[in-house]
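Participant: Just passing along the structure, written as structure tokens.
There are 2 protein chains.
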Amino acid sequence: MGKQMTEMLKGTLEGMILAILAVRPAYGYEITARLRDEGFSDIVEGTVYAVLIRIEKRDLVDVEKVPSEKGPPRKVYSLNAQGGEYLEEFWGTWSFLAARIAQLKQHIEDTQEKGE
Amino acid sequence: MGKQMTEMLKGTLEGMILAILAVRPAYGYEITARLRDEGFSDIVEGTVYAVLIRIEKRDLVDVEKVPSEKGPPRKVYSLNAQGGEYLEEFWGTWSFLAARIAQLKQHIEDTQEKGE
DNA sequence: ACCACTAAATAGTAACACTGAATAGCGGTC
DNA sequence: GACCGCTATTCAGTGTTACTATTTAGTGGT
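Chains as they are written, first to last, in the working numbering: chain F, 2 to 117; chain W, 2 to 117.
Structure representation (structure tokens):
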């Protein structure tokens with residue numbers, strides 16, 4: 002990860018993982034692979050597991066241990082009601098921030114065009 | 002600040018401040034006030050000054066001390082060439098992340114509509 | 001026995017925004 | 001002339017976060 006991306010993921014990675022779980026339950030290794038596929042190419046398992054442990058402690062997800070044919074048992078996480086609420090809050094916070102930043106960017110572009 | 006927003010600002014507040022400086026030079030107290038006006042209502046001076054000191058150390062900005070009629074001298078920051086490059090990089094990182102998150106959100110909405 | 005892949009956990013580190021307080025300069029009021 | 005309000009900057013200490021690097025564990029193949 003670039004350093005900028007690393008810092009930007011603070012506060013968003015958690016929401017992204019909750020968003021993934023909102024679509025359907027998943028386990029850590031799977032989530033890591035999906036994030037890698039979606040362009041976060043050098044995200045490491047350890048990072049994802051840390052988030053999962055955190056959201057489990059906060060009771061935002063339910064956990065079920067499911068045996069795997071290919072290795073040790075999987076811990077399958079699914080979003081619960083409290084996690085759903087938290088995710089809604091996340092969208093609100095994100096939307097606000099994204100709108101402000103878009104506004105700042107627009108302001109720069111306007112300035113450069115006509116010298117403000 | 003809400004806790005979610007606090008975490009989300011990590012990695013973005015710096016970019017936002019650079020973006021403000023890209024429009025025109027400004028000093029810390031002024032930047033704080035502007036951020037407050039734009040909806041980040043409980044941002045505190047200390048936070049902004051910490052960012053300013055950081056970006057000064059990294060040589061992303063030029064600094065000029067300007068006397069004030071109303072108090073101690075102002076430290077007016079302006080974006081330099083290196084800061085401009087860094088800001089460009091920030092927009093790239095931000096755009097990528099924002100696109101991914103928008104995609105995740107869309108995916109949830111699609112799923113909820115027709116059961117995926 | 002060894003390796004490759006899957007799967008989870010963990011101790012230690014660096015970076016960041018926040019808290020709370022201190023310092024400093026100016027104007028006005030009582 | 002001591003005090004308050006506003007402007008303006010700084011700084012030590014804290015909590016949270018993602019990252020690094022390693023360890024442990026299970027299965028199947030050679």
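Glycine is no exception: its CB is placed at the ideal position from the N, C-alpha and C atoms. No experiment lies behind these values; they were computed from the predicted model shown.
#1: For the segment 85-113 of chain F, list every residue whose C-beta sits within 8 Å of some C-beta in chain W, in sequence order.
#2: State yes or no: is the C-beta of W:Glu-15 within less than 7 Å of the C-beta of W:Val-52?
#3: Between the segment 47-62 of chain F and the segment 6-15 of chain F, do three or more beta carbon pairs fall short of 8 Å?
#4: Can you give me the Cβ contacts of F:Val-77 inside the same chain, cut-off strictly under 6 Å, excluding the 5 residues immediately before and after it?
#5: Tell me the DSSP bridge mates of W:Glu-65?
#6: Note down the Cα distance separating W:Glu-114 from W:Asp-38, rounded to an integer number of angstroms.
#7: Within 10 angstroms of its Cβ, does W:Val-62 collect 16 or more other Cβ (buried), or is it exposed?
#8: Name the residue from W:Leu-36, W:His-108, W:Lys-106 and W:Leu-98 whose alpha carbon lies nearest to the alpha carbon of F:Gly-40.
#9: To which residues of the same chain is W:Ala-20 closer than 7 Å at the C-beta, ignoring the five residues directly before and after it?
#10: If we call anything under 7 Å between Cβ atoms a contact, is F:Arg-58 one with W:Glu-8?
#11: What is the rounded straight-line gap between the Cα of W:Ala-82 and the Cα of F:Trp-95?
#12: By the 8 Å beta-carbon criterion, what residues does the segment 3-14 of chain F contribute toward chain W?
Facilitator: Quick look at the numbers:
#1: Flagged, chain order: Glu-90, Phe-91, Trp-92, Thr-94, Trp-95, Phe-97, Leu-98, Ala-99, Arg-101, Ile-102, Gln-104, Leu-105, Lys-106, His-108, Ile-109 and Thr-112.
#2: Reading the second sequence from its first residue, position 14 is the one you call residue 15 of chain W. Reading the second sequence from its first residue, position 51 is the one you call residue 52 of chain W. With a cutoff of 7 Å on beta-carbon distance, W:Glu-15 and W:Val-52 are scored as near each other.
#3: As far as the Cβ criterion goes, the segment 47-62 of chain F touches the segment 6-15 of chain F, which means the pair count is three or higher.
#4: In the first sequence, residue 77 of chain F corresponds to position 76, counting from 1. Around F:Val-77: Pro-26, Tyr-28, Glu-65 and Val-67.
#5: As a position in the second sequence, residue 65 of chain W is number 64, starting the count at 1. Within the DSSP secondary-structure output, W:Glu-65 pairs in a beta bridge with W:Val-77.
#6: Locating residue 114 of chain W in the second sequence gives position 113, where the first residue counts as 1. Locating residue 38 of chain W in the second sequence gives position 37, where the first residue counts as 1. So the alpha carbons of these two residues sit roughly 38 Å apart.
#7: Reading the second sequence from its first residue, position 61 is the one you call residue 62 of chain W. Buried: at least 16 other Cβ atoms inside 10 Å.
#8: For the purposes of this step, residue 40 of chain F is identified with residue 39 of the first sequence, where counting begins at 1. The option with the nearest alpha carbon to F:Gly-40 is W:Leu-98.
#9: Your numbering for residue 20 of chain W matches position 19 in the second sequence. Excluding residues up to 5 positions away in sequence, Leu-88 lie with their Cβ nearer than 7 Å to the Cβ of W:Ala-20 in the same chain.
#10: By one-based count along the first sequence, residue 58 of chain F stands at place 57. By one-based count along the second sequence, residue 8 of chain W stands at place 7. According to the sequence provided, residue 58 of chain F is Lys. The question's Arg does not apply to it. No, they are not a contact pair.
#11: Position 81 of the second sequence, counted from the start, is the residue given in the question as residue 82 of chain W. Position 94 of the first sequence, counted from the start, is the residue given in the question as residue 95 of chain F. Distance between the alpha carbons of W:Ala-82 and F:Trp-95 is about 30 Å.
#12: Within the segment 3-14 of chain F, the residues whose Cβ lies closer than 8 Å to some Cβ of chain W are Gly-3, Gln-5, Met-6, Thr-7, Glu-8, Met-9, Leu-10, Lys-11, Gly-12 and Thr-13, listed in chain order.
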